[in-house]
Amino acid sequence: MAEKVLSVKNLITAFRIDKKEYPVLRDISFDIYENETVCMVGESGCGKSVTTLSVMGLLPENAVVQQGEVELCGEVISGKSQKELNKVRGSKMGMIFQEPMTSLNPLLTIGHQLTEGLIRHKGMSKKEAYATAVEYLEKVGIANAESRMKQYPFQLSGGLRQRVMIAMVMSMQPKLLIADEPTTALDVTIQKQVLILLNKLKKTMNTGVLFITHDLGVVAEIADRVIVLYSGTKVEEGSAKQIFENNMHPYTQGLLAAVPNVDKDDFEIKAIPGTFPAITETIIGCRFHPRCPYATDRCRSEIPQAIEYEKGHFVACHKVEEENKC
Amino acid sequence: MLEHRPALIELNKLKKYFPVKRGVNLKALEDVSLEIYEGEKFGVVGESGCGKSTLGRVILQLYRQTSGACVYHGKNIEEVAPKYIGKEIDKLLEYQQKADEYYKKSLELDKKVEALDEKIEALSDHGTKQEVAKRRKLTQERDKLAFQSKEHKKDASRQLREGSRTVGSLILSAKLPEIQKLYKDAYDATVHAGEYVKEYNRYHAEYAEAVTKGETPSAEVEKLMKEAEEKVKKYRDKALTCKAQALSMRRQDILPITERCLDEEYQRKLDHNYETGINLAKLTEKEMRSLRKDMQMIFQDPAASLDPRKTVGKAIEEVFEIHTDYGKEMRRESTMKLLEDVGLKREQYYSYPHQLSGGQKQRVGIARAIALNPKFVVLDESVSALDVSVQAQILQLLEELKEKQNLTYFFITHNLGVVKHFCDRVMVMYLGGVCELAESKELFRQPLHPYTKSLLKAVPRPTVRDNYEEETVLEGEVPSAINPPKGCTFHTRCSECMEICKKVKPTLQQVEDGRFVACHLYNKNK
Amino acid sequence: MVLLLLGMSFIVFASLYIAPGDPAQMVAGVAATEQDIEAVRISLGLDKPFLVQYGIYLKNLLTLDLGMSYTTRQPIIQEIAVRLPFTINLAVAAILIAIVIGIPLGILTALKRDTIVDNVLTTSSLFAISMPNFWLGTMLILLFSVKLGLLPSGGMTHFFWTATGFKQVILPAFALSTSTIASFMRIGRSAMLDVLQSDYIRTAKSKGLSQKVVIFVHALRNALIPLLTQLGTSFGGLLGGAIVTEQVFVVNGLGTYLINAINSRNYPVVQSTVLVIAAMFIIINLIVDIVYCLVDPRISLE
Chain A
4 MAEKVLSVKN LITAFRIDKK EYPVLRDISF DIYENETVCM VGESGCGKSV
54 TTLSVMGLLP ENAVVQQGEV ELCGEVISGK SQKELNKVRG SKMGMIFQEP
104 MTSLNPLLTI GHQLTEGLIR HKGMSKKEAY ATAVEYLEKV GIANAESRMK
154 QYPFQLSGGL RQRVMIAMVM SMQPKLLIAD EPTTALDVTI QKQVLILLNK
204 LKKTMNTGVL FITHDLGVVA EIADRVIVLY SGTKVEEGSA KQIFENNMHP
254 YTQGLLAAVP NVDKDDFEIK AIPGTFPAIT ETIIGCRFHP RCPYATDRCR
304 SEIPQAIEYE KGHFVACHKV EEENKC
Chain B
13 MLEHRPALIE LNKLKKYFPV KRGVNLKALE DVSLEIYEGE KFGVVGESGC
63 GKSTLGRVIL QLYRQTSGAC VYHGKNIEEV APKYIGKEID KLLEYQQKAD
113 EYYKKSLELD KKVEALDEKI EALSDHGTKQ EVAKRRKLTQ ERDKLAFQSK
163 EHKKDASRQL REGSRTVGSL ILSAKLPEIQ KLYKDAYDAT VHAGEYVKEY
213 NRYHAEYAEA VTKGETPSAE VEKLMKEAEE KVKKYRDKAL TCKAQALSMR
263 RQDILPITER CLDEEYQRKL DHNYETGINL AKLTEKEMRS LRKDMQMIFQ
313 DPAASLDPRK TVGKAIEEVF EIHTDYGKEM RRESTMKLLE DVGLKREQYY
363 SYPHQLSGGQ KQRVGIARAI ALNPKFVVLD ESVSALDVSV QAQILQLLEE
413 LKEKQNLTYF FITHNLGVVK HFCDRVMVMY LGGVCELAES KELFRQPLHP
463 YTKSLLKAVP RPTVRDNYEE ETVLEGEVPS AINPPKGCTF HTRCSECMEI
513 CKKVKPTLQQ VEDGRFVACH LYNKNK
Chain C
7 MVLLLLGMSF IVFASLYIAP GDPAQMVAGV AATEQDIEAV RISLGLDKPF
57 LVQYGIYLKN LLTLDLGMSY TTRQPIIQEI AVRLPFTINL AVAAILIAIV
107 IGIPLGILTA LKRDTIVDNV LTTSSLFAIS MPNFWLGTML ILLFSVKLGL
157 LPSGGMTHFF WTATGFKQVI LPAFALSTST IASFMRIGRS AMLDVLQSDY
207 IRTAKSKGLS QKVVIFVHAL RNALIPLLTQ LGTSFGGLLG GAIVTEQVFV
257 VNGLGTYLIN AINSRNYPVV QSTVLVIAAM FIIINLIVDI VYCLVDPRIS
307 LE
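Chains as they are written, first to last, in the numbering used here: chain A, 4 to 329; chain B, 13 to 538; chain C, 7 to 308.
Written as structure tokens, this is what we have:
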């Protein structure tokens, strides 16, 4: 049995706006195991980035974790001080961000940025850290690693910078890698290179990966398991096969129908009607019901609970629940 | 055979270089030639730095081209009367004269060549050393003269071709001074007509404002409006008569300026050169500004193009304020109607941008772009920043608007899925050049250019596959446009690279009906 | 740079040329006859056309010959050489004070944003900016010299790194630097806030680096860049301010020299002093540009 790397239980995170607190994450729970990529998908504002920041303890000042527990490799890290978190951040969990252009410090050499974490967390000497950094630069497919160490971020293209970020994070051999839209800003051919690289590293290093994206195409390419978020709630969770081939939640279905698929010939792009609710909006019942073609009175009054539709496949929808009772 | 469709935009060897340092240029566009048909959704795809955005901006003349022509057929020169046409008309006689001079020079040279030929003939090639040397010298001389003569002939043709842009085969006529006069009159009449169109628009706006307010428009205004309308008609008619009169002189009194001139085929060819469209590259800034009503742009980030302190209504009304004579009521009413057209509510006239979602902001951007009934709209990654569900909504809206207003889209994106399902024809660009141009269905069914193939392979697909890691990826990154690779720009990353690719730049050639590829693999003369 | 100096010298020269009053008469003295004046004019080369005069002036400039002072009949260059060090002494001390106090305060207010510390400091910076430095100087003298008798009320004989010099410079330099301290603090604060919100700081935090490393290694250098620009322009302001401050604290520097020269219509001195101040300003900005390259690798390689 693979070891559980991350466990998030009943997480509720809220934003303070004008002295009121509005929940952005509404009771989210999920686990990530070693050598597993869990993709979290959803549209902007669904809470996927807030999830990662809650786990990392990097939430902005106006956000609060109201409830819930985050467990990293069996150790509860939620509620810890920044100082204590600094011991696990980087060493046990690392994070890659969306914007490769701005995520590296423009005034420090690649070498400096690669080695500082190693020196701090792994107790390496400068020399050892240097050697490890070069090794990892080569691992992520960067040629002339030694000369790259002396360069500054502005001398590298976007694709290369993202590789540097990956090398920086992976060289510390974290148990958990959090990747927040790491390929969104890259061109498709570069994106594919990076996705393949991430997949390879995950396997060889036995890492658990939490991969955030809005692109369902990317999900299909990289995910073992998929979590679909809508307005702060987990509407569906299952293996990649279950989500893409046997999806149950109307939102998942709508999302997939809206993606223009290059492989299909007679394909009409179908939009989900209505707009995404703002976090300040109060919706009674299922958060998706105003846009759902199947909404019933029950959906308008009662929040659906997740049921295990088949093994490992969870759906939070009254319609699915009712249809499976009969 | 595909039916012949009227082109709305025609690009000819368009180049755009951005100076980086002295003597160093970033070659953003390199010889782009294409036609965009009226009413089509023309897609452009490529990775960042391929020049797709630059192309969109150059067509709209937001950047001026380094060289090449960008012809707009949505209006003709009779409606716009651009200054450059007037100048060209003035130059007609000069073209004809110069062509004549060049040709005469070339004939003289020909005579000299003939004389030399005879001399060379007379010298035997087995003669003394001196004779051989003399013969070589004479041959050299002869070749030089022959070359000069050929160049002069080319120059003559070039002059005639330039002239034919304005008057077609009439450039060959002996009565050119008379024709020039007629064209000049027609041009002046068009300019006058344009002035009265402006006057008419002003009165019409006044009239419409009254109607919108629910008042009866004053009889005075109505009278002035009618008068202006009649004047426009009068001058337009005059211009037409003048041109018709000039055209009636076709195929008559043709001067034998060059030997080809009497050839009907050549005359037809010159007639074909006759330009009815407007070469945007030659317009003055002012002329371009007034044409911009016809050609609009929708950007990627709608939030960035909206002033946060201005209501949505004000932001749209601004367009009417600048480009029309509409009165206050008329502006407000048109704006509200536009809001409805793009799927917003009339009440949102009073909203501020921050009260709108990303999709709604983009709808405002669209409303602004279509406010003046444009014919051509450049969409630069207009749906790329939106979530999929909203993206689909916006694409549907664009489709509806296109049908309703007969728009032509120039759709720039990096998302191949969107292009496939939204666009009629697709052009693939790489490092400032065109790789492939085809009907969207055909391109995706069977991509020809190796770059198109690898691009398609790299697109993430929403289907689960097991052999993901074995799939091939395009290695490396796009080279710098400051110093692009010699030969085919893609050869450094191409899996099917041949010797020739490293040396010769492939040209865009038609390989099937409506399918164009720039790749040596498909070169028929191989 | 050279062009800038050349342009500067031209403006200075031209403004003197069109200034009212006859220099020849001034040199020759009140009692001089027509002939005397004419002789002086010829000896000074004042009879030659404007451009020729300018050419001679430029040639002299190259050999550091700035001409004679009308009042003392001494070479101006020597007089300036005596006084310039004290002005530089004052300006440098002021800028050092501004750096040492202003920048840390800026960082502090950024880190303690929206707390009492931040509010108090940002508000008091407003006072500091709007306080005229001659008034502040006078107040300081009253408090520290007259009342407490801790520091000398004026004069400057030593440089600031000596004990005497330090005591002499502290009051004028502080009076001179208050507005610069405030502007450094405000710019430092906003620069630091900007940097703290940037993606790379988030990256640094996500690596588990300590607060200290994040701020001093990752954030500080980036926040210094806008401050550097300010440094160059502030120095010009300090030189201007020094002219007044020197008067208040009776420092025999360029400022006092300049004001005396203006009062006595000693044009060559005015001209030379302005030129020297301008040259210093240009040199400082050059130094700032060089420091830029050292701090920001993006600039040095472009």
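Where a beta carbon is used, it is the ideal one built from N, C-alpha and C, also for glycine.
All of these numbers come straight from a predicted model, not from anything done at the bench.
Cutting at 8 Å between CB atoms, please list the residues of its own chain near residue i, excluding the five before and the five after it.
i: R164(A); result: P103, M104, S106, L107, P156
i: V282(C); result: I86, L90, L260
i: S278(C); result: L72, G73, I82, I83, I86
Can you tell me where the alpha helix (DSSP H) with residue i in it begins and where it stops?
i: A225(C); result: First-last for A225(C): undefined, no H or E at that position.
i: L121(A); result: 113-124
i: H335(B); result: 324-335
i: N125(C); result: 122-136
i: T115(C); result: 109-117
i: G194(C); result: 169-202
i: R477(B); result: Neither: R477(B) is in no alpha helix (DSSP H) and is coded neither H nor E.
i: M286(C); result: 273-301
i: K142(A); result: 129-142
Mark residue i as exposed unless 16 or more other C-beta atoms lie within 10 angstroms of its C-beta, in which case mark it buried.
i: P296(A); result: exposed
i: M145(C); result: exposed
i: N385(B); result: exposed
i: G55(B); result: buried
i: N427(B); result: buried
i: H217(A); result: buried
i: P189(B); result: exposed
i: Y190(A); result: Per the sequence shown, residue 190(A) should be read as Asp rather than Tyr. Classification of D190(A): buried, given that the 10 Å Cβ count is 16 or more.
In terms of residue numbering, what span does the beta strand (DSSP E) encompassing residue i cover?
i: K498(B); result: First-last for K498(B): undefined, no H or E at that position.
i: M43(A); result: 39-44
i: A66(A); result: 66-75
Only counting the same chain, and skipping five residues up and downstream in sequence, which positions put a Cβ closer than 6 Å to that of residue i?
i: Q279(B); result: S181
i: L179(A); result: V8, L9, M96, G211
i: G171(C); result: H164, F165
i: Q77(B); result: L26, K28, V70, A293
Take residue i and list the residues in its own chain whose beta-carbon comes closer than 7 Å to its own, dropping the five residues that flank it on each side.
i: D42(C); result: A34
i: P276(A); result: R294
i: I215(A); result: M43, K51, S52, T55, A182, D183, E184
i: V276(C); result: L264, A267, I268
i: R29(A); result: I15, G235, T236
i: A274(A); result: A261
Say the cut is 7 Å; is the CB of residue i nearer than that to a heavy atom of the ligand ZN?
i: N125(C); result: Questions concerning the ligand ZN fall outside what the structure shown contains, since it holds no ligand whatsoever.
Scan the stretch 238-322 of chain B and note each continuous alpha helix (DSSP H) run of 4 residues or more that stays entirely inside, going in chain order. Listed in chain order, the complete alpha helix (DSSP H) runs (minimum 4 residues) inside the stretch 238-322 of chain B are 276-285, 297-303.
With a cut-off of 8 Å, do at least 3 Cβ pairs link the stretch 81-88 of chain C to the stretch 162-174 of chain C? Flag = no, the stretch 81-88 of chain C and the stretch 162-174 of chain C do not touch.
Should the stretch 104-116 of chain C be called in touch with the stretch 299-306 of chain C, which here means at least 3 C-beta pairs below 8 Å? With the cut-off at 8 Å, the stretch 104-116 of chain C and the stretch 299-306 of chain C do not touch.
Length-filtered (4 minimum) alpha helix (DSSP H) runs lying within the stretch 446-471 of chain B: Here the runs fully enclosed are 452-457, 462-470.
Should the stretch 132-141 of chain C be called in touch with the stretch 56-76 of chain C, which here means at least 3 C-beta pairs below 8 Å? No, because fewer than three Cβ pairs between the stretch 132-141 of chain C and the stretch 56-76 of chain C fall closer than 8 Å, the two stretches do not touch.
Report the residue ranges of all alpha helix (DSSP H) runs contained in full by the stretch 21-104 of chain B; include only those spanning at least 4 residues, in chain order. Here the runs fully enclosed are 64-71, 89-92, 95-102.
Please go through the stretch 205-280 of chain A and give each complete beta strand (DSSP E) segment of 3 or more residues, from N-terminal end onward. Within the stretch 205-280 of chain A, the complete beta strand (DSSP E) runs of at least 3 residues fall at 211-216, 228-233, 236-242.
Would you call the stretch 109-120 of chain B and the stretch 164-171 of chain B in contact, with 3 or more CB pairs under 8 Å? Yes, since at least three Cβ pairs between the stretch 109-120 of chain B and the stretch 164-171 of chain B fall closer than 8 Å, the two stretches touch.
What are the uninterrupted segments assigned as alpha helix (DSSP H) that are 4 or more residues long and contained completely in the stretch 111-140 of chain B, given in chain order? Qualifying alpha helix (DSSP H) stretches: none in this window.
Report yes or no: do the stretch 218-236 of chain A and the stretch 198-206 of chain A share at least 3 C-beta pairs separated by less than 8 Å? Yes: the two stretches touch, three or more of their Cβ pairs being nearer than 8 Å.
Touching by the beta-carbon criterion (3+ pairs, under 8 Å), the stretch 252-264 of chain B and the stretch 369-387 of chain B: Contact between the stretch 252-264 of chain B and the stretch 369-387 of chain B is absent: fewer than 3 CB-CB pairs across the two stretches fall below 8 Å.
List in chain order: all unbroken alpha helix (DSSP H) runs of 4+ residues lying wholly within the stretch 140-179 of chain A. Unbroken alpha helix (DSSP H) runs of no fewer than 4 residues, entirely contained in the stretch 140-179 of chain A, are found at 148-152, 161-173, following chain order.
Tell me whether the stretch 64-84 of chain A and the stretch 106-122 of chain A touch, counting them as touching only if at least three CB pairs, one residue from each stretch, are closer than 8 Å. Contact between the stretch 64-84 of chain A and the stretch 106-122 of chain A is absent, because fewer than three Cβ pairs lie under 8 Å.
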